[in-house]
Amino acid sequence: QITHLDQQGQRLCQPDVWDGALASQFRGTWPQTSRSLQTVRTELDELRQRVERINADIMAAGGN
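Per the working numbering, the very first residue in the sequence shown carries number 129; after that it's consecutive.
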């Protein structure tokens, strides 16, 4: 969903897709928003990997 949101934001940044005062305002704020989305996606992926390792360790230790 984060990837899809980022793709839609990139699309809306194109003046041939959307233009006007609000579009200009959006284009001004979108780069930071996009970077934040990328950061969240990276952090969520790292969290997912840690949780998988923890679960694997628990199962290896005989947990159910």
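We put the beta carbon where it would ideally sit given N, CA and C, even for glycine. Quick caveat: nothing in here was measured; it's all calculated off a predicted structure.
Query: D134 and L175 closer than 8 Å at C-beta; Result: no
Query: Alpha-carbon spacing of P159 relative to E180, whole angstroms; Result: 32 Å
Query: DSSP-derived helix/strand/coil call for D144; Result: coil
Query: Terminal residues of the alpha helix (DSSP H) in which A184 lies; Result: 149 to 188
Query: Q136 - DSSP class collapsed to helix/strand/coil; Result: helix
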